[in-house]
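Under my numbering, the first residue of the sequence shown is numbered 16, with each subsequent residue one higher. Backbone N, C-alpha and C fix where the C-beta goes; we use that ideal spot for every residue, glycine too. Because the structure is a prediction, the values reported are computed rather than measured. Working notes for the structure below.
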Amino acid sequence: MTYCIGACKKYKATRPAQIGRYAAGQKRCNYCEVFVDYEGICCPCCNRQLRCLPRSRKGKARYLEQVSASDLADTTTRVKV
Numbered sequence: 016m017t018y019c020i021g022a023c024k025k026y027k028a029t030r031p032a033q034i035g036r037y038a039a040g041q042k043r044c045n046y047c048e049v050f051v052d053y054e055g056i057c058c059p060c061c062n063r064q065l066r067c068l069p070r071s072r073k074g075k076a077r078y079l080e081q082v083s084a085s086d087l088a089d090t091t092t093r094v095k096v
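This is how it looks when you write it as C-alpha cells:
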C-alpha cells in the first residue's frame, strides 16, 4: 500500500510568474496533491507516477503554445550567437 509520508514537501514548487507550471518543468503528484520540482518520474514521497502534462484540452493547448514559444526563442538566440 502506498501513502503520503510528507517527503514531497521538501520538493514543493512555487508557482512561476510568466509561464505555466508544466512548461516550467514542474510535475504534479495526484495522490499527494502537490506540484514538485523533481527530476524523477515517480513521487519521492508515495512512489506513484508524477503527471508531466496537463489533462484538459485548454491546458494542453496553453502548454504547447508556451513550449513552442520558448523553443522558438531558443533557436533565435542560437542563430544570433
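query, result
"Cutoff 7 Å: Thr29 Cβ touching any chain C Cβ", "Protein chains in the displayed structure number just one, and chain C is not present."
"Leu65 burial status per 10 Å Cβ neighbour count (16 or more: buried)", "buried"
"Residue range of the unbroken beta strand (DSSP E) whose run includes Arg43", "42-44"
"DSSP-derived helix/strand/coil call for Gln81", "helix"
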